[in-house]
Each structure stands twice: as structure tokens, then as C-alpha cells.
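Notes for the one structure printed next.
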């Protein structure tokens, strides 16, 4: 059974502050690690798909890093804005099959 | 510019009834996935397909069947619905990278 863990489950951050959260995944048979942003009443939308150890990706104020040897990825948000309030999901796919398994998400609340 | 379309969007069933959820994508993607979303559980993989004519089990396949007779369509069937299958169902497709999701189908089983 693949175990994809995200922490924390929920996070309250003051507007303007920076924050980060973690995704941990199996370090063996790695193929790709995905990050998605999921707003209430909408569908998840992709932020990043990372495949190489040491990968760093950036989209505006959001960035992510990947460590496949130890099985973790960090998502960073710089200067949080109200529109960043959402659930952030990570998902792991392994080399042996094409399953994409999600963590339970980190629910981010931006306080004005 | 439809992307991934799920039908129906809402459905109420009685225990024991059967139904089929349809997922259609117009992006010529090879891979298609069915997930269910329950409070506190994130997205759990039910079944997936790596191409026309293929299907495989995910994390929670029991009580569901799937078919991929055409590349653009991935059907999720409930043969005998149970209250435990009350959920929001998401379909997604991909080619090489990210998943593209449909808008979800809310199913209630009474």
C-alpha cells in the first residue's frame, strides 16, 4: 500500500506571511511527484509535476522542491494572499505502475 | 474547449440500484482515472486505464466496475449501490504529465 502523507492537515497564515508544507512519499521506485491546488467547489488544478531528484519549480509566488532519495517534497508560498486559500494536494506515482496516489491535502487559510 | 466532462453532475440513488458515470475527454489522452472524494480522506483512486481497452484497480476498487471501450471515454459503474458509495466522484486524464480533472459528480445513495 502506497503511503503519501501531507503535513500539516490545516494551516492558518496571516496575509503577507510566507509558509510551507510537506509531502512525504515512498523513496523507492519513484517516478513523479505532483502538486495540485484545489479551491472549494472547483476541481484540482496542477501546479507542478516533478520527476528529478533536486528539482525546484516555481510559478509566481509558489515554488516546490523535491528530494526523491529521502522521499519528501516541500511547497512554499511567499507573501500569502487571500486567493491562496485552498487545499494543496500532492500525488505520487511510482515506476512500476501508472497509479497516481494522493495525500489527504493541506488546507490553507489566509487570514486578512 | 471542453477538456474533461463528467455526466451526470448529480444523482440520487436508492440502495441496490445501478448506475453509470461517464467521463469524456477531448484531449486524446491515453491515461484516465476515477477518484472518489470523501471528507477527511482526500482523493482515493478507484480504477484507472492506461489506454483504450485496458483497466486496472486502484486503492478502493470494490463495488465498482469500469470500461474503456473508446479512448475518449471512461465509464464507472455501480452494479448495486450502497450508502458507503455516497461521495463526490472525479475523473481525470493525462498524457505525459499533469492530471486534468472533470468538475465532479455528486452521488448520494439512500
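Protein chains in written order, with the working numbering: chain A, -8 to 103; chain B, 26 to 135. Using N, Cα and C, we set each Cβ at its ideal position, and we do this for glycine too.
Exposure of residue i, with buried meaning 16 or more beta-carbon neighbours within 10 Å
i: residue 119 of chain B; result: buried
i: residue 123 of chain B; result: buried
i: residue 49 of chain B; result: buried
i: residue 97 of chain A; result: buried
i: residue 86 of chain A; result: exposed
i: residue 3 of chain B; result: Any property of residue 3 of chain B remains undetermined from this structure, which presents chain B solely from 26 to 135.
i: residue -5 of chain A; result: buried
i: residue 129 of chain B; result: buried
i: residue 67 of chain B; result: buried
i: residue 32 of chain A; result: exposed
i: residue 23 of chain A; result: buried
i: residue 133 of chain B; result: exposed
i: residue 59 of chain A; result: buried
i: residue 25 of chain A; result: buried
Rounded Cβ spacing between residue i and residue j (contact assumed at less than 8 Å)
i: residue 99 of chain A; j: residue 29 of chain A; result: Not a contact, Cβ separation roughly 10 Å.
i: residue 113 of chain B; j: residue 102 of chain B; result: The Cβ separation is near 17 Å, so there is no contact.
i: residue 38 of chain B; j: residue 106 of chain B; result: 5 Å
Residue i: contacting residues in chain E (beta-carbon distance under 7 Å)
i: residue 128 of chain B; result: You won't find chain E in this structure, because its protein chains are A and B.
Listed by chain order, chain B residues near residue i by CB distance under 8 Å
i: residue 94 of chain A; result: 67
Where residue i meets chain B, residues with beta-carbon distance less than 9 Å
i: residue 101 of chain A; result: Under the 9 Å cutoff, chain B gives no residues; its nearest Cβ is about 21 Å from residue 101 of chain A.
Under 8 Å by beta carbon: chain A residues contacting residue i
i: residue 124 of chain B; result: 25, 27, 35, 37, 82 and 91
i: residue 75 of chain B; result: 89
i: residue 35 of chain B; result: None at all; the shortest Cβ gap to chain A is about 13 Å.
i: residue 70 of chain B; result: 90, 91, 92 and 93
Quiz item: What are the residues of the region 31 to 63 of chain A that lie near chain B, defined by any Cβ-Cβ distance shorter than 7 Å?
Solution: 34, 35, 37 and 40
Practice problem: Taking only beta carbons into account, state which residues of the region 70 to 85 of chain A come closer than 9 Å to chain B, listed in chain order. | Solution: 78, 80 and 82
Quiz item: Taking a cut of 8 Å between CB atoms, which residues from the region 81 to 113 of chain B lie near chain A?
Solution: 81, 83 and 84
Practice problem: Inspect the CB distances between the region 37 to 44 of chain A and the region 57 to 70 of chain A and report whether three or more fall short of 8 Å. | Solution: yes
Quiz item: Is there contact here, the region 10 to 24 of chain A with the region 30 to 43 of chain B, by at least three beta-carbon pairs under 8 Å?
Solution: no
Quiz item: Is the region 71 to 88 of chain B in contact with the region 53 to 62 of chain B, if contact means three or more CB pairs nearer than 8 Å?
Solution: yes
Exercise. Count the C-beta pairs between the region 64 to 72 of chain B and the region 34 to 52 of chain B that are closer than 8 Å, then say yes if the count reaches three, no if not.
Key: no
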